[in-house]
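Participant: In order, the protein sequence lines correspond to chains A and B. For the first sequence, the working numbering assigns the number 312 to the initial residue and increments by one for each residue that follows. For the second sequence, the working numbering assigns the number 701 to the initial residue and increments by one for each residue that follows. Quick reminder that beta carbons are idealized off the backbone N, C-alpha and C, glycines included. Please read through the structure below; I'll follow up with questions.
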Amino acid sequence: MAVDINTASAEKVLQRARGIGIELTEEHWKAIRFLFDDFRVRGETPNLRRVAVVGGVPIKRLLQLFPGEPGRKMAYIAGLPAPRWCA
Amino acid sequence: MRNLVVLGAGTAGTIVVNKLRRRLPASQWRITVVEREDWHIYQPGLLFVPFGATCSRKPVLSLITAGVDVVLGEVHRVDTATRTVLLKDERSLPYDELVIATGMQPRPDQTPGMLGSEWGVSIFDFSTRDGAEALSRALPGFRGGKLVVHISEMPIKCPMAPLEFSFLADTELRRKGIRDKVELTYVTPLSGAFSKPVAALRLERMLQERGITLETGFVVERIDGKTLVSYDERTIPFDLLVTVPVNMGADFLARSGLGDELNCVPVNRHTFVAVGHDNIFALGDAASLPMSKAGSVAHFAAEVFVENFVEHAAGRPMRRRFDGHANCFVEAGQGRALLLDFDYDREPMPGRIGPLPLLRESAVNHWGNVAFRWLYWNVLLPGKRIPMPTRRDRWPSTSIPHRLRRSYNEPGG
Chain A
312 MAVDINTASA EKVLQRARGI GIELTEEHWK AIRFLFDDFR VRGETPNLRR
362 VAVVGGVPIK RLLQLFPGEP GRKMAYIAGL PAPRWCA
Chain B
701 MRNLVVLGAG TAGTIVVNKL RRRLPASQWR ITVVEREDWH IYQPGLLFVP
751 FGATCSRKPV LSLITAGVDV VLGEVHRVDT ATRTVLLKDE RSLPYDELVI
801 ATGMQPRPDQ TPGMLGSEWG VSIFDFSTRD GAEALSRALP GFRGGKLVVH
851 ISEMPIKCPM APLEFSFLAD TELRRKGIRD KVELTYVTPL SGAFSKPVAA
901 LRLERMLQER GITLETGFVV ERIDGKTLVS YDERTIPFDL LVTVPVNMGA
951 DFLARSGLGD ELNCVPVNRH TFVAVGHDNI FALGDAASLP MSKAGSVAHF
1001 AAEVFVENFV EHAAGRPMRR RFDGHANCFV EAGQGRALLL DFDYDREPMP
1051 GRIGPLPLLR ESAVNHWGNV AFRWLYWNVL LPGKRIPMPT RRDRWPSTSI
1101 PHRLRRSYNE PGG
């Protein structure tokens, strides 16, 4: 059920990330890809705990990768609605 | 004879069995409810216990209608393959249809350092009877210093409760004439006082008016002695911490392969059918719904579920859809309260429900809240009709201004 992010949308993802001052590394992409995949299965943007527990990127790391408001920033970069309880 | 087994006799479970017993013929359906506690606690009342109120509770057995079998015991596991509920004491209950309504429980063990030597000394929670009563003994001795009210992680039972606690604490400290000796801080992992923009702005103004400092986006990693430490290394020292621990669903759901990362059951948000199991439903806090963990959600959800289940039992399709309707009183201190009303799609907005003004402080709302306890025990739980529509769209509402929506849905907004 993996989501294939084609080059055009990947470019949009990069642009949105740059817009809020984040240069995406492979680690960022791991979280963003999990957001896409999980949204596709559950129809809902995963929250921090889910990205950590199921997606495999620890919360501490997420706060370094997406400082300040990780839940909201990840969702924004991925182009998905903010998670229902965004931290 | 077919078996309907309901796990949990909290708000949702009690309403469901009491209503369904009247709707399903006893010759065709046996209804069994499993509950591990002897007492049903009026959870909305726990907020007032630290300030001197007594805990309102009734024996579980007194709340379940005759004709429903009650099993007092703890669930070990649900075996979905053999359609059996296995209890801790090795009894087993076969089911044809299963309703999971075991709620969520505060889990202070999930935050390192929370259950240390300061637990019950300078760290308290008020979402359990023990916690609220311990806090009621500690609060009178607090004469000044840093009082921190804190949410560990969403979702929690009643997202409003910690805000209300702050407002009530402010009132109490003023009454005692020591408000100026107390630094009151509200710490939340959310990016505002609440997740819905219009209500958040209103509540943030209320915090400001009361001189309560708001610390947002604080995701706690651990507690070091008497200091909260976040994942991004921020620290907040306290003399008295009133925290809402991480809330999780029952452990047996994980053992049964039915829970998500918080042991809540993923369900269809309109019909409560558990994902992948057409004879299992989850209601109330136990369900993974994009909604508050609150008794009002459980109540409205139970009403929709009952209508649907009657159809389902007769082999007809379930036609009613839950719209996520919830409402709650928010105690503002000084004998006043707000009333919030919202659903999946519409956030809390100003307006009125009968005599009660929405999203505005008033004494009428406070008395509404006080009166609600009587309604809960005498009308809601017995499954009688409450003079209030279940569906939100029966009520007028305005839409959210685009300007606010934008600022809240983007990072840094």
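Are there 16 or more other CB atoms within 10 angstroms of the CB of Ala-393 (chain A), so buried, or fewer, so exposed?
Facilitator: The residue is buried, with at least 16 neighbouring Cβ atoms inside 10 Å.
Participant: If you check the beta carbons only, do Leu-983 (chain B) and Phe-1000 (chain B) fall under 7 Å apart?
Facilitator: No, these two residues do not count as a Cβ contact at 7 Å.
Participant: Can you check whether the CB of Val-362 (chain A) is closer than 7 Å to the CB of Ala-342 (chain A)?
Facilitator: Closer than 7 Å, so yes.
Participant: Relative to the alpha-carbon of Arg-783 (chain B), which residue among B:Val-848, B:Pro-859, B:Ile-980 has its alpha-carbon at the smallest distance?
Facilitator: The shortest Cα separation from Arg-783 (chain B) among B:Val-848, B:Pro-859, B:Ile-980 belongs to B:Ile-980.
Participant: For a cutoff of 7 Å on Cβ pairs, would you count Gly-877 (chain B) as touching chain A?
Facilitator: Closer than 7 Å: no.
Participant: In the DSSP assignment, find the beta strand (DSSP E) that holds Ile-912 (chain B) and state where it starts and stops.
Facilitator: Ile-912 (chain B) -> no beta strand (DSSP E), and no H or E assigned at all.
Participant: Note down, in chain order, all residues in the region 316-345 of chain A with a beta-carbon under 7 Å from any beta-carbon belonging to chain B.
Facilitator: Answer set for the region 316-345 of chain A: Ile-331.
Participant: Which whole-angstrom value describes the C-beta separation of Pro-889 (chain B) and Gly-917 (chain B), a residue pair presumed to lie in contact below a C-beta threshold of 8 Å?
Facilitator: Yes, they are in contact, since the Cβ atoms of Pro-889 (chain B) and Gly-917 (chain B) sit about 7 Å apart, within 8 Å.
Participant: How would you write the range of the alpha helix (DSSP H) that Ile-388 (chain A) sits in, first residue to last?
Facilitator: That run of the alpha helix (DSSP H) goes 381-389.
Participant: Please check the pair Ser-827 (chain B) and Pro-806 (chain B), which I expect to be a contact at CB under 8 Å, by giving their CB distance rounded to whole angstroms.
Facilitator: Sure, about 5 Å apart at Cβ, within 8 Å.
Participant: Could you tell me the alpha carbon to alpha carbon distance between Gly-379 (chain A) and Gly-949 (chain B), rounded to whole angstroms?
Facilitator: Roughly 28 Å between the two C-alpha positions.
Participant: Suppose contacts are defined by Cβ-Cβ distances below 7 Å. Is Pro-808 (chain B) in contact with Leu-798 (chain B) by that definition?
Facilitator: Contact: no.
Participant: Can you name the start and end residues of the beta strand (DSSP E) that His-740 (chain B) belongs to?
Facilitator: That run of the beta strand (DSSP E) goes 739-741.
Participant: How big is the Cα-Cα spacing for Gly-803 (chain B) and Asp-870 (chain B)?
Facilitator: Looking at the two C-alpha atoms, the distance is approximately 30 Å.
Participant: Near Val-919 (chain B), which residues of its chain fall below 8 Å by C-beta distance, leaving aside the five closest residues on each side in sequence?
Facilitator: Contacts found: Glu-853, Pro-889, Ser-930, Tyr-931, Asp-932.
Participant: Over the uninterrupted alpha helix (DSSP H) stretch that includes Thr-871 (chain B), give me the two end residues.
Facilitator: That run of the alpha helix (DSSP H) goes 861-875.
Participant: Comparing the C-beta of Ser-992 (chain B) with each C-beta of chain A, is any distance below 7 Å?
Facilitator: No - not a single Cβ of chain A is within 7 Å of the one on Ser-992 (chain B).
Participant: Listing by chain order, which chain A residues have their CB less than 8 Å from the CB of Leu-962 (chain B)?
Facilitator: Residues of chain A passing the Cβ test: Arg-360.
Participant: Looking at Val-944 (chain B) and Gln-810 (chain B), is the spacing between their C-beta atoms short of 7 Å?
Facilitator: Contact flag unset, no.
Participant: So Val-734 (chain B) and Val-785 (chain B) are in contact, right, with Cβ under 8 Å, and what is the actual spacing, rounded?
Facilitator: That belief holds up - the Cβ atoms of Val-734 (chain B) and Val-785 (chain B) are roughly 7 Å apart, short of 8 Å.
Participant: Tell whether a beta-carbon distance below 7 Å holds between Ile-388 (chain A) and Arg-327 (chain A).
Facilitator: Yes, the pair counts as a contact, with Cβ atoms nearer than the cut-off.
Participant: Considering only residues of the region 875-909 of chain B, which uninterrupted beta strand (DSSP E) runs meet the minimum length of 3 residues and lie entirely inside it, listed in chain order?
Facilitator: Taking only runs of at least 3 residues, the beta strand (DSSP E) segments lying wholly in the region 875-909 of chain B are 882-887.
Participant: Helix, strand or coil for His-1012 (chain B), going by three-state DSSP, please let me know.
Facilitator: Helix at His-1012 (chain B).
Participant: Would you identify the three-state DSSP class for Asp-349 (chain A), choosing helix, strand or coil?
Facilitator: In this structure, Asp-349 (chain A) counts as helix in the three-state DSSP scheme.
Participant: Taking only three categories from DSSP, how would you classify Ser-822 (chain B)?
Facilitator: Looking at Ser-822 (chain B) - three-state DSSP - the assignment turns out to be coil, as it is neither helix nor strand.
Participant: For a minimum of 3 consecutive residues, which ranges assigned as the beta strand (DSSP E) are wholly contained in the region 958-1022 of chain B?
Facilitator: As far as the region 958-1022 of chain B is concerned, its whole beta strand (DSSP E) runs of at least 3 residues are 980-982.
Participant: Is there a Cβ of chain B sitting closer than 7 Å to that of Leu-374 (chain A), yes or no?
Facilitator: Yes, its Cβ sits closer than 7 Å to a Cβ of chain B.
Participant: Taking 8 Å as the limit between beta carbons, can you name the residues of its chain near Leu-1080 (chain B), skipping five residues before and five after?
Facilitator: Once the five neighbours on either side are set aside, the close Cβ partners of Leu-1080 (chain B) are Thr-711, Ile-715, His-999, Ile-1086.
Participant: Just verifying my parser: in three-state terms, what is the DSSP assignment at Glu-337 (chain A)?
Facilitator: Reduced to three states, the DSSP call for Glu-337 (chain A) is helix.
Participant: With respect to the beta strand (DSSP E) encompassing Ser-836 (chain B), which residues constitute its N-terminal and C-terminal limits?
Facilitator: Careful: Ser-836 (chain B) lies outside any beta strand (DSSP E), inside the alpha helix (DSSP H) at 829-838.
Participant: Need the endpoints of the beta strand (DSSP E) that Ala-1026 (chain B) sits in, please.
Facilitator: 1026-1033 is the span of the beta strand (DSSP E), which, as asked, contains Ala-1026 (chain B).
Participant: Per DSSP, Asn-947 (chain B) forms a beta bridge with which residues?
Facilitator: BP columns for Asn-947 (chain B) point to B:Pro-806.
Participant: I want to verify the contact list: residues of chain B whose CB lies under 7 Å from the CB of Lys-390 (chain A), in sequence order.
Facilitator: Reading off the sequence, residue 390 (chain A) comes out as Gly, not Lys. Neighbours of Gly-390 (chain A) on chain B: none; closest Cβ ~12 Å, over 7 Å.
Participant: What does Glu-853 (chain B) reach in chain A if we use C-beta pairs closer than 7 Å?
Facilitator: Arg-360, listed in chain order.
Participant: Please list, in chain order, all residues of the same chain as Ala-861 (chain B) whose beta carbon is under 6 Å from its beta carbon, the five residues on each side excluded.
Facilitator: Excluding residues within five positions, the ones whose Cβ falls inside 6 Å are Leu-747.
Participant: Which residue's Cα is closest to the Cα of Met-701 (chain B): B:Ile-731, B:Glu-1011, B:Arg-722?
Facilitator: Among B:Ile-731, B:Glu-1011, B:Arg-722, the Cα nearest to that of Met-701 (chain B) belongs to B:Ile-731.
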